[in-house]
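K.L.:
Dumping the structure here so I can ask a few things about it.
In full-length UniProt numbering, the protein residues as written are 1 to 160.
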């Protein structure tokens with residue numbers, strides 16, 4: 001009786017995990033083809049998930065996209081053809097690196113503009129600091145003399 005209960009518990013505990021296998025089993029003729037597949041699916045974004053590629057996504061649409069990439073590779077399609085087919089089907093969103101065109105020029109120009117503006121702000125701050133520093137000395141002559149006496153060890157100048 002105890003053996004039967006123990007066997008039932010083991011089946012309930014480990015049975016479902018043996019059924020939870022991946023159905024994404026793709027066979028490739030060479031290691032380079034497999035690497036090409038992995039590169040392609042890691043560069044394509046899942047249309048359903050938030051910023052996740054189709055290699056890492058468990059969404060059904062990602063599985064369909066992986067299957068489509070594999071099918072097109074099996075038919076001899078080039079990487080550009082595969083990406084273009086998926087872009088035409090799902091939109092430009094599936095690209096992590098969108099092409100530069102009239103719709104995406106601001107996307108590509110914004111980092112350059114931000115760096116240029118940052119350099120200009122830093123330059124203006126430095127120039128203003130130098131101008132203000134030249135017109136007003138940090139210490140007066142009296143303060144310098146007092147600091148020298150203190151550093152020399154003359155404690156009579158220290159205030160409590």
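Ideal Cβ positions, reconstructed from N, Cα and C, are used throughout, including at glycine.
1. Please report the distance separating the alpha-carbon of residue 57 from that of residue 80.
2. Would you report the Cα separation of residue 142 and residue 154, rounded to the nearest angstrom?
3. Which stretch, first to last residue, makes up the alpha helix (DSSP H) that contains residue 152?
4. Report the three-state DSSP secondary structure of residue 103 (helix, strand or coil).
5. At which residues does the alpha helix (DSSP H) containing residue 88 begin and terminate?
6. Here's the rule I'm using: 16 or more other beta-carbon atoms within 10 Å means buried, otherwise exposed. How should residue 1 be labelled?
P.N.:
This is what the structure holds:
1. Reading the chain shown from its first residue, position 57 is the one you call residue 57. Reading the chain shown from its first residue, position 80 is the one you call residue 80. Taking the straight line joining both Cα atoms gives about 22 angstroms.
2. On the chain shown, position 142 is the one that residue 142 refers to. On the chain shown, position 154 is the one that residue 154 refers to. So the alpha carbons of these two residues sit roughly 15 angstroms apart.
3. Sequence index remark: in the chain shown, residue 152 carries index 152 (1-based). Run containing residue 152: 141-152, per the alpha helix (DSSP H) assignment.
4. Here residue 103 corresponds to residue number 103 of the chain shown, with the count starting at 1. Reduced to three states, the DSSP call for residue 103 is coil.
5. Position 88 of the chain shown, counted from the start, is the residue given in the question as residue 88. Run containing residue 88: 79-90, per the alpha helix (DSSP H) assignment.
6. To locate residue 1, count along the chain shown from 1; it is residue 1. With fewer than 16 Cβ atoms within 10 Å of its Cβ, residue 1 is classed as exposed.
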